[in-house]
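Reviewing the structure listed below.
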Amino acid sequence: MTLTVPRFSVPALLALGSAALGAAFATGLLLGRRWRFGRQQRLLPPEDSPLWQYVLSRSMREHPALRSLRLLTLEQSRGDSMMTCEQAQLLANLARLIKAEKALDLGTFTGYSAMSLALALPAAGRVVTCEVDAGLPELGRPLWRQAEVEQKIDLRLQPALQTLDELLAAGEAGTFDVAVVDADKENCVLYYERCLQLLRPGGLLAVLRVLWQGEVLRPPPRDKTTECVRSLNERILRDARVYISILPLGDGLTLAFKI
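Numbered by the working numbering, the letters in the sequence shown go through residues 1 to 259 in order.
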């Protein structure tokens, strides 16, 4: 028997989404401090800040297996570049809000974001996640299994652009509900355009690390990666196909709802 999940209309989605994003943005502004644009500066209070710890202790509901995977990931090389727990929870809650069934996750790493999304999807849900390093997702697989979501995670071990093109060629345009982009910045504009094609109207496209530790404010000449981030930010700002918000969570999180 096929399970039919009700979908919000675009106006209803935007009304509900705006309320959720407004609350998240207000939280970000409340927690914001003066900061300088150095590579080592955080946009929010440091992790040992009593105020930030209070916020996390009164808002985080992290599945035990998801928490274990986060701590394991932080032990890895480049582990501190992973999605933060508060970003993951916000995206999972938004996925629930729009009744998501299919999700894209570009940049699996150990699978923390894929697992967080999988936990938010219904039993028949599917997360297509992309990674080029076969060893990293294997660190997370036992915890996917522990959380009973391994069957929802479709791991593609190849360049993300190849996977996106295969999905488009297979006729899956307009069928995904959520897309999360946390892959290499050099191809971020290409990821954005393909994900937008794959999303349904009302779907959510989330892009991580859009502030690039403040480097986006540096005057030219900038390095190539920073220029790619700035180019994508400017592109999304002027894109009439989406409604957007940039939230000061982690290293910056863009949320774009497809119109």
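Yeah, the Cβ is synthetic: ideal placement off N, Cα and C, and Gly gets one too. Keep in mind that this is a model prediction, so the values were computed, not measured.
Mark residue i as exposed unless 16 or more other C-beta atoms lie within 10 angstroms of its C-beta, in which case mark it buried.
| i | result |
| --- | --- |
| residue 252 | buried |
| residue 59 | exposed |
| residue 202 | buried |
| residue 259 | exposed |
| residue 182 | buried |
| residue 93 | exposed |
| residue 170 | exposed |
What residue from the options has the CA that sits closest to residue i's CA?
| i | options | result |
| --- | --- | --- |
| residue 74 | 247, 180, 111 | 111 |
| residue 208 | 223, 194, 185 | 185 |
| residue 240 | 93, 214, 96, 257 | 257 |
| residue 82 | 89, 113, 53, 101 | 113 |
| residue 104 | 123, 80, 197 | 197 |
| residue 91 | 168, 179, 227, 211 | 179 |
| residue 236 | 220, 206, 221 | 206 |
If you draw a straight line from the alpha carbon of residue i to that of residue j, how long is it in whole angstroms?
| i | j | result |
| --- | --- | --- |
| residue 147 | residue 68 | 11 Å |
| residue 133 | residue 229 | 23 Å |
| residue 189 | residue 106 | 13 Å |
| residue 36 | residue 63 | At residue 36, the pLDDT of 38 sits below 50, so the modelled position is not reliable; the number obtained from the coordinates is stated separately. The alpha-carbon atoms of residue 36 and residue 63 are separated by roughly 34 Å. |
| residue 88 | residue 194 | 22 Å |
| residue 224 | residue 115 | 31 Å |
| residue 100 | residue 177 | 5 Å |
| residue 215 | residue 168 | 34 Å |
| residue 57 | residue 51 | 10 Å |
| residue 221 | residue 234 | 17 Å |
Would you grab the beta carbon distance between residue i and residue j for me? Rounded to a whole angstrom, and I think it's under 8 Å.
| i | j | result |
| --- | --- | --- |
| residue 152 | residue 125 | 5 Å |
| residue 260 | residue 204 | This structure leaves residue 260 out entirely; the chain is present only between 1 and 259. |
| residue 119 | residue 66 | 7 Å |
| residue 129 | residue 154 | 7 Å |
| residue 86 | residue 109 | Not confirmed; about 17 Å, so no contact. |
| residue 210 | residue 246 | 6 Å |
| residue 84 | residue 249 | 7 Å |
| residue 72 | residue 136 | Contact flag wrong, Cβ pair sits at about 11 Å. |
Provide the residue(s) that pair with residue i in DSSP beta bridges, ordered along the chain.
| i | result |
| --- | --- |
| residue 109 | None, per the DSSP bridge assignment. |
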